[in-house]
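Under this note's numbering, think of the first position of the sequence shown as 139, with each following residue one higher.
The beta-carbon is built from N, C-alpha and C at its ideal position, and this holds for glycine as well.
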Amino acid sequence: MTDVARLAGCSQSTVSVVLNSTPGIRISKSTRERVLKGAEQLGYDMTPSRAALGERPRQIAIVFDRIATSPEAVVSIDGARETAWSTGHVVTIAQTMNDREMEPSTISAMLRNGVDALIYGTIMTRKVEVPRALYATRVPVVLLNCYSDDRAFPSVLPGEVAGGHRATDALIRAGHRRIATITGEIWMDAARDRLRGYRQALATADIPYDPALVREGNWQTSAGYEHTHKLMDLRHPPTAIFCSNDRMAVGCYEALKERGREIPTDVSVIGYDDEEVARHLSPQLTTLVLPHREMGRWAIEHALSASQGSGKQPITKLECPLIERDSIRSIRP
């Protein structure tokens with residue numbers, strides 16, 4: 139720009155105004171012509187910016203059923219935002235509350251806005267009926283934390299079966315064989331899959347499955363508290379408890395302490411989700427991380443790198459890493 143200014147006999151500011159077509163500033167016709175001629179002679183890139191042309195910035199739309207009550211959704215969105223910004227994309231976010239009228243209208247409005255991709259996400263890992271507008275668009279679509287029966291769109295989910303296996307295996311490797319689990323509500327995919335992983339880990343270690351050691355909770359602290367008391371009332375109580383989320387682990391801690399049982403000296407405990415509370419329990423809770431940030435990143439990367447394909451699309455499951463803290467004790471001889 140300095141060379142253009144020198145050749146045109148004006149300031150760099152004037153060159154910037156002319157080349158960027160800055161509105162609201164009047165430049166004489168002769169000066170404008172000198173700047174443009176000088177820029178052309180020097181091979182300066184004359185392609186106007188999107189803003190100069192009055193175009194919208196490149197956008198990616200993210201549509202979630204619920205955001206305000208979901209830390210998981212917020213983390214996913216933040217991971218998506220980081221990746222989108224790194225490619226120069228603006229992120230537009232909408233919450234639809236699964237409203238039958240407003241969700242299709244919201245998606246249609248976003249698609250009319252000229253987005254480069256659309257991410258359709260849910261707060262709970264679940265099967266969804268994908269809105270019809272997404273079948274009609276040529277814009278790449280990725281499902282985040284959800285999937286459809288027809289697998290028309292690529293989707294990314296947490297690897298919950300592997301996560302349940304990993305949590306249970308951590309207890310098995312510490313020498314435990316009498317391992318209980320407090321699940322979430324079994325109608326939910328996450329609870330069902332974590333239980334499946336628990337059973338697979340037991341089978342791999344040749345530990346018989348005992349239904350008396352499985353208690354169905356509801357993800358709340360009170361469920362962890364209530365079911366821990368029931369488990370410890372068994373004739374042969376567990377030496378370790380796998381809580382399907384950290385909130386139920388909090389209740390588990392309370393119940394064990396009421397009964398005079400020390401963690402992990404008397405009973406080992408492992409959670410799931412790695413919520414903030416896990417780091418503040420005493421002892422700190424060993425748990426697994428839900429990979430929501432990585433899922434958000436994956437969704438953006440895949441949407442921008444892949445065209446909308448035909449046929450069945452893959453379901454990608456990301457690992458839930460184990461965070462080892464202080465709530466598991468080895469009882470190996």
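Cβ-Cβ separation between Pro376 and Ala318: approximately 4 angstroms, consistent with a contact (criterion under 8 angstroms).
A residue is called buried once 16 or more other Cβ atoms fall within 10 Å of its Cβ, and Ile163, having fewer, is exposed. Within the same chain, Cβ atoms closer than 6 angstroms to the Cβ of Val153 are found at Met139, Val142, Ala143 and Val173, the five residues on either side in sequence being excluded.
No residue range can be given for Gly147, since it is assigned to no alpha helix (DSSP H) and is classified by DSSP as neither H nor E. Per DSSP, the unbroken alpha helix (DSSP H) holding Val212 starts and ends at Pro209 to Ser224. Cβ contact annotation for Met248 (same chain, cutoff 6 angstroms, sequence separation greater than five): Ala199, in chain order. Nearest to Arg196 by alpha-carbon distance, out of Arg204, Leu256 and Cys148, is Leu256.
Straight-line measurement puts the Cα of Ile408 at about 24 angstroms from the Cα of Asn283. Linking Pro452 to Ala300 through their CA atoms gives a straight-line distance of about 18 angstroms. Around the CB of Leu333, 16 or more other CB atoms lie within 10 Å, so the residue is classed as buried. Between Trp325 and Trp436, the alpha-carbon positions lie close to 27 angstroms from each other. Annotation: the stretch 295-320 contains the following complete segments of the alpha helix (DSSP H) (minimum length 4 residues), in chain order: 298-311. For Met262, the enclosing beta strand (DSSP E) covers residues Ala255 to Lys265. For Gln197, the enclosing beta strand (DSSP E) covers residues Gln197 to Phe202.
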